[in-house]
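Residue numbers (our numbering): 2 to 521. Yeah, the Cβ is synthetic: ideal placement off N, Cα and C, and Gly gets one too. Comments concern the structure below.
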């Protein structure tokens, strides 16, 4: 199955049914219109000498045409390369150079930056303005009267996504149509999605979660998706109500913000018939603290399903079952449609409840890291298993629990300490919104435990108070030597906290403070 085949299937079977709803301009896109737009986009790209197999970059904010272009480029046999609008110039310049795109479609607000970065790349890149609501300003008029979509196969390349690059340069994850559709199928099966379901997408479309979970999965099930420009705490609930959405996908940071501002809402979700159609919400991309999970369900009365996915696996690999099953708090769940196992350091499958590295195998696993055979060889085994780099264990009932990342493990005096263990304790404090433990070099222990926290609005606490909580829960050895109270934490495009960049962030803050002090 391919993205193209899915579009053709629904255009033929239910062409007048709505697939996409754009709140800002009130427009709706049917499956037939989606197919027409895909054919038009392909014809315009052909007119620019950008043909099947070529790469096309998207530097766009969310909107109706962002979705159309994302799907149309894949459906036409080309490879779409979504660019992270929040990335720095250095990273974007590297990605543009590395990805081999010869066309770049850019939102008006990013256009000047897109042109400036493209000029630094050695090959020629054609930059096309493309409004997320109105579409591209094509350079030439293409004759689309008899245009069609060229036939493609499941192994045709579809999507090139760049990882956040926590260490070194970002890697390009190359996904085929088989991978993309399998990733969407994992979501459809785990969440029992049907043509009657409607998703609310509030995550950016350069995010694998948004692309696969809230766009490809509804395309597979024949459902629909509501696509606002961005997330906001107020419009989130209004969109769920006004568009009668049945589910949504968020990240733990959004869960935290919805909880923090939940008491300011003027509507009752638990007892309001306006929200009767909401079956569940799902959380992914980073670990959902059990305290936040329980608080969300208690506050809003909506089941929240914790899941887990990677860019390299076209999103979802694990999910908690749907209600009436009670979610296993602190666990991203069980495997759906792919194999997941835990291995020990010697490569053997770990016994239940023993910590090791998670491995994944299935049709959703990437083809390769683009132009990086060494990284591909290090990550993919000969028999198709992918090293996730995530540490965790599987309990007796088959549920997986994630304890951290191999590269982020804190090794203090020879003892392995999982950062998430410290995070979970800090998040129990009523004033803490976000927490991230990390390692700092120490001459006595090799590494020492440190942490940063972001406080909730109008809440206060101290380092001493937080350390006392950790010592009570974890013991003195695992208690952070220092706890910094900060305004934000460094994150990758998927929303994951980048622990390996926290020390650099703090150094930058200290430098800024010293500069300001010297100028005072």
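- Under the DSSP definition of a beta bridge, residue 337 lacks any partner.
- In the three-state DSSP reduction, residue 399 falls in the coil class, being neither helix nor strand.
- When secondary structure is reduced to three states using DSSP, residue 388 falls in the strand class.
- Per the coordinates, the alpha-carbon of residue 108 lies some 10 Å from the alpha-carbon of residue 135.
- For residue 113, the enclosing alpha helix (DSSP H) has its first and last residue at 112 to 120.
- DSSP places residue 508 within a helical segment (H, G or I) once states are collapsed to three.
- By the neighbour-count criterion, in which 16 or more other beta carbons inside 10 Å mark a residue as buried, residue 511 falls on the exposed side.
- Secondary structure of residue 133 (DSSP, three-state): coil.
- Inclusion of residue 35 and residue 244 in the CB contact set at 8 Å is not warranted, their separation being larger than that value.
- Secondary structure note for residue 360: its beta strand (DSSP E) is the uninterrupted segment 357 to 362.
- Only residues of its own chain outside the window of five on either side were considered, and among them 275, 276 have a CB closer than 7 Å to the CB of residue 242, listed in chain order.
- Contact between residue 307 and residue 334 holds, with the beta-carbon distance rounding to 6 Å and staying under 8 Å.
- Residue 313 counts as buried, since no fewer than 16 other beta carbons sit within 10 angstroms of its beta carbon.
- The DSSP assignment places complete alpha helix (DSSP H) segments of no fewer than 4 residues inside the region 219 to 254 at 234 to 243, in order along the chain.
- About 4 Å separates the Cβ atoms of residue 179 and residue 155, confirming a contact at the 8 Å cut-off.
- Residue burial annotation: residue 159 is buried, with at least 16 other C-beta atoms found within 10 angstroms of its C-beta.
- Its Cα nearest to that of residue 68, the residue 220 stands out among 329, 408, 327, 220.
- Looking at the DSSP output, residue 451 shares a beta bridge with 439, 483.
- Contact check between the region 484 to 492 and the region 434 to 454: three or more CB pairs, one atom from each, fall below 8 Å, which counts as touching.
- When 435, 5, 490, 253 are compared, the shortest CA-CA separation from residue 509 is found for 490.
- Secondary structure note for residue 186: it is in no beta strand (DSSP E), and the uninterrupted alpha helix (DSSP H) holding it is 178 to 192.
- Of the candidates 46, 419, 388, 46 places its Cα closest to the Cα of residue 143.
- Here DSSP, grouped into helix, strand and coil, assigns residue 100 to helix.
- Only residues of its own chain outside the window of five on either side were considered, and among them 420, 439, 440, 500, 501 have a CB closer than 8 Å to the CB of residue 409, listed in chain order.
- Residue 332 counts as buried, since at least 16 other C-beta atoms from the protein chains shown sit within 10 angstroms of its C-beta.
- For residue 39, there is no enclosing beta strand (DSSP E); the enclosing alpha helix (DSSP H) covers residues 32 to 48.
- With a threshold of 16 other beta carbon atoms within 10 Å, residue 5 meets it and is buried.
- Approximately 7 Å separates the beta-carbon atoms of residue 429 and residue 470; this is inside 8 Å, confirming the contact.
- Taking 8 Å as the cut-off, the beta carbon of residue 365 is found closer than this to the beta carbon of residue 315.
- Residue 43 counts as buried, since no fewer than 16 other beta carbons sit within 10 angstroms of its beta carbon.
- The beta carbon of residue 432 is closer than 8 Å to those of 456, 457, 460, 461, 462 in its chain, skipping five residues each way along the sequence.
- Looking only at 114, 450, 498, the smallest Cα-Cα distance to residue 477 is reached by 450.
- DSSP places residue 71 inside the alpha helix (DSSP H), whose first and last residues are 65 to 76.
- Secondary structure at residue 300: helix, using DSSP grouped into helix, strand and coil.
- Counting C-beta pairs closer than 8 Å gives fewer than three between the region 47 to 57 and the region 116 to 123, which falls short of the contact rule.
- Secondary structure note for residue 421: its alpha helix (DSSP H) is the uninterrupted segment 420 to 427.
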